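Colleague: A single structure is presented below for examination.
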Amino acid sequence: MYIAMNRFRVAKGSEAAFEQVWLGRDTHLDKVPGFVEFHLLRGPEAEDHTLYASHTVWANHAVFEAWTKSEAFRAAHARAGDHKPTYLGHPQFEGFEVIQTVAK
Numbered sequence: 111m112y113i114a115m116n117r118f119r120v121a122k123g124s125e126a127a128f129e130q131v132w133l134g135r136d137t138h139l140d141k142v143p144g145f146v147e148f149h150l151l152r153g154p155e156a157e158d159h160t161l162y163a164s165h166t167v168w169a170n171h172a173v174f175e176a177w178t179k180s181e182a183f184r185a186a187h188a189r190a191g192d193h194k195p196t197y198l199g200h201p202q203f204e205g206f207e208v209i210q211t212v213a214k
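Going from the sequence shown to our numbering is simple: count from 1 and add 110.
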């Protein structure tokens with residue numbers, strides 16, 4: 111498995127707007143081969159921002175890479191730049207190969 115995360119520093123007072131953008135968008139992920147699951151995570155608050163992360167789980171790194179080059183990816187991210195005032199700086203991408211999974 112492969113986990114892809116983008117971390118966002120959302121400006122104080124913009125949290126509700128940021129969440130609405132994510133909750134209201136069509137991700138197109140349900141049509142993508144190898145997609146497992148998605149989570150939008152709200153993390154700790156700092157003085158000037160709240161940390162969020164988008165967290166997707168993929169069958170492997172190759173299907174994630176294929177997603178990033180797909181028409182579905184372009185459609186899902188077509189309006190991403192429209193909401194830049196809600197977050198500080200650029201999202202920070204982090205990708206991880208899963209080494210161990212423990213499930214109940």
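The C-beta atom is built at its ideal place from N, Cα and C for all residues, glycine as well. Just so we're clear, the structure is a prediction, and the values are computed from it rather than from any experiment.
Which residue marks the beginning of the alpha helix (DSSP H) containing T196, and which one marks its end?
Modeller: Stepping through the sequence shown from its first residue, residue 196 is reached at position 86. Looking at the DSSP string, T196 is not in any alpha helix (DSSP H), and its letter there is neither H nor E.
Colleague: Compute the Euclidean distance between the alpha carbons of A169 and A126, then round it to the nearest angstrom.
Modeller: As a position in the sequence shown, residue 169 is number 59, starting the count at 1. As a position in the sequence shown, residue 126 is number 16, starting the count at 1. So the alpha carbons of these two residues sit roughly 31 angstroms apart.
Colleague: When DSSP labels each residue in this structure, what does A176 get in the three-state scheme?
Modeller: Your numbering for residue 176 matches position 66 in the sequence shown. Note: A176 maps to helix in three-state DSSP.
Colleague: Does the count of Cβ pairs from the region 124–142 and the region 200–211 closer than 8 angstroms reach three?
Modeller: No, because fewer than three Cβ pairs between the region 124–142 and the region 200–211 fall closer than 8 angstroms, the two stretches do not touch.
Colleague: What are the boundary residues of the alpha helix (DSSP H) that L133 is part of?
Modeller: For the purposes of this step, residue 133 is taken as the residue at position 23 of the sequence shown. Run containing L133: 125–134, per the alpha helix (DSSP H) assignment.
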